[in-house]
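Colleague:
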Amino acid sequence: MTALPISEFSSRTYRRASNASYVVGIAALLLGVAVGEALIGTVVYVAAFAVGVTIPRASPQPVYDERDEALAARTSDLVLTAIGFGGFAVFVSLWTLELLGRFTWSSELLSVFWAWCAFWLLWGGTYTYVRFRA
33 MTALPISEFS SRTYRRASNA SYVVGIAALL LGVAVGEALI GTVVYVAAFA
83 VGVTIPRASP QPVYDERDEA LAARTSDLVL TAIGFGGFAV FVSLWTLELL
133 GRFTWSSELL SVFWAWCAFW LLWGGTYTYV RFRA
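For the record, in the sequence shown the residue sitting at position 65 is 97 according to our numbering, with numbers rising by one throughout.
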């Protein structure tokens, strides 16, 4: 049995291998945390992430094309829209309930709220920077 030269693999194969390494890393991290071996899970996660980033850069042909970039942009748009409007609806409702005396913020939930705010401030600042640099 002879090994195939690396150049005979399709870009789709490289893309699948890269994406699979991310899935393996995330699964290892979650499993490691679940069984009390967070350090091992984290090491495998970082290694799998490094492999996932390296595969597209080391492949002899482009792994991602314009269609992949358009799909990623559309996916990001949908996720950010859901997080933005979902968070807005939830947090406005919770602040209103607090003002009515029917809800008290826990420290964990306040941390989520401040992280959500910080994320949107970072996104807005980055968007403004990119827009003015274009």
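Even for Gly, the Cβ is constructed at its ideal location relative to N, Cα and C.
1. Over the uninterrupted alpha helix (DSSP H) stretch that includes Asp109, give me the two end residues.
2. With distances taken Cα to Cα, identify the nearest neighbour of Phe120 among Phe151, Val56 and Ala66.
3. With 16 other CB atoms within 10 Å as the buried threshold, where does Val76 fall?
4. Going by CA-CA distance only, name the one from Asn51, Val124, Ile72 and Leu112 that's closest to Gly156.
5. Taking 8 Å as the threshold (C-beta atoms), are Ser53 and Gly84 in contact?
6. 8 Å is my cut-off, CB to CB: does Arg44 come that close to chain B?
7. Taking 6 Å as the limit between beta carbons, can you name the residues of its chain near Gly57, skipping five residues before and five after?
8. Please state the DSSP three-state secondary structure of Glu140.
9. If Phe135 sits next to Leu129, beta carbons under 8 Å apart, how far is it from one beta carbon to the other, in whole angstroms?
10. State the DSSP-derived secondary structure class of Glu40, mapped to helix, strand or coil.
Modeller: If we stick to the structure as given:
1. Looking up residue 109 in the sequence shown gives position 77. Here the alpha helix (DSSP H) through Asp109 covers Glu98 to Leu131.
2. Here the question's residue 120 lines up with position 88 in the sequence shown. Ranking Phe151, Val56 and Ala66 by Cα distance to Phe120 puts Phe151 first.
3. Working through the sequence shown from its first residue, we reach residue 76 at position 44. Buried.
4. To locate residue 156, count along the sequence shown from 1; it is residue 124. When only C-alpha atoms are compared, the closest one is Leu112.
5. Position 52 of the sequence shown, counted from the start, is the residue given in the question as residue 84. Position 21 of the sequence shown, counted from the start, is the residue given in the question as residue 53. Taking a C-beta distance under 8 Å as the contact criterion, Gly84 and Ser53 qualify as a contact pair.
6. Although the question refers to chain B, the structure presented lacks it and comprises just one protein chain.
7. Residue mapping note: residue 57 aligns to position 25 of the sequence shown, counting from 1. Cβ neighbours of Gly57 beyond the five flanking positions: Tyr77, Ala80 and Phe81.
8. Position 108 of the sequence shown holds residue 140. Residue state, collapsed to three classes: helix.
9. Counting from 1 along the sequence shown, the entry for residue 135 is found at position 103. Counting from 1 along the sequence shown, the entry for residue 129 is found at position 97. Yes, they are in contact, since the Cβ atoms of Phe135 and Leu129 sit about 4 Å apart, within 8 Å.
10. For this step, residue 40 is matched to residue 8 along the sequence shown. Correct three-state label for Glu40: helix.
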